[in-house]
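**Q** Residue 137 in UniProt numbering sits at position 137 of the sequence shown, with consecutive numbering throughout.
Just so it is clear, CB atoms sit at the ideal spot from N, CA and C, and this is done for glycine as well.
The structure displayed is predicted, hence computed values, not measured ones.
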Amino acid sequence: MKLNQEVETIHRILFVCTGNTCRSPMAEYILKDMINKSNEVDLDNWEILSAGISAIKGVDANEKTTQVMSELGIDLEEHSSKNIKDIDLKKEDIIITMSRKHSRFLLLEYPDLADKIFTLKEFAEEDDRDIEDPFGLSLEVYRETRDVLKKELEKILLKLKDFSSD
């Protein structure tokens, strides 16, 4: 995965999934938590959001998502779903999707943003490109999804530190 050479800093990250109630809010809040706990990166210099391609605006995070995130001490009470159409994508430094399907949709709708759009696993330089949707599945599947996201975001945070200088 190569970032566009013109990208000097990354301070605005958008995570994208389908409904913005499971995967993308998990990724958003896990990364915020990691940055908060990092001595090397200041969250005040970052804007991390999430949105959904088919999201209904204003919906809370899924109940199982909220439960598995609370197990990490992360509160999703402030989360309110956003639709991708309500976000000015040109302002985002990087757009990280949960699946190739989401990336393809964005590339078709916003071809001029192609150099900013990556799947999460692609950005983390993994071969398997999709984070599977846990919606409607067991609590254990939500935990597995959370843990995969956390593992990949740890890799991504190391990369982002290189692009976070002011």
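#1: Rank I30, I48, K37, P25 by C-alpha distance to the C-alpha of I94 and give the top, closest one.
#2: Buried or exposed: which applies to R100, given that a residue is buried once 16 or more other Cβ atoms fall within 10 Å of its Cβ?
#3: Quick check on the DSSP output: what are the complete beta strand (DSSP E) runs of length 3 or more inside the UniProt domain "Phosphotyrosine protein phosphatase I" (11-159), in order along the chain?
#4: Measuring alpha carbon to alpha carbon, tell me which of K64, D75, S54 ends up nearest E28.
#5: Indicate whether T18 and I53 have their beta-carbon atoms separated by less than 8 Å.
#6: So, is S50 buried or exposed, given that buried needs 16 or more other C-beta atoms within 10 angstroms?
#7: By Cβ distance below 6 Å, which residues in the same chain neighbour L158 in space, the five residues on each side in sequence not counted?
**A** Straight from the coordinates:
#1: The count along the sequence shown starts at 1 and reaches residue 94 at position 94. It is I48 whose Cα lies nearest to the Cα of I94.
#2: Looking up residue 100 in the sequence shown gives position 100. By the beta-carbon neighbour count (other beta carbons within 10 angstroms, threshold 16), R100 is exposed.
#3: Every beta strand (DSSP E) stretch that sits fully inside the UniProt domain "Phosphotyrosine protein phosphatase I" (11-159) and reaches 3 residues is listed by chain position as 12-17, 47-52, 94-97, 117-119.
#4: Here the question's residue 28 lines up with position 28 in the sequence shown. Answer by Cα proximity: D75.
#5: For this step, residue 18 is matched to residue 18 along the sequence shown. For this step, residue 53 is matched to residue 53 along the sequence shown. Contact flag set, yes.
#6: Here residue 50 corresponds to residue number 50 of the sequence shown, with the count starting at 1. Buried.
#7: To locate residue 158, count along the sequence shown from 1; it is residue 158. Within the same chain, L158 has no close Cβ partners at all.
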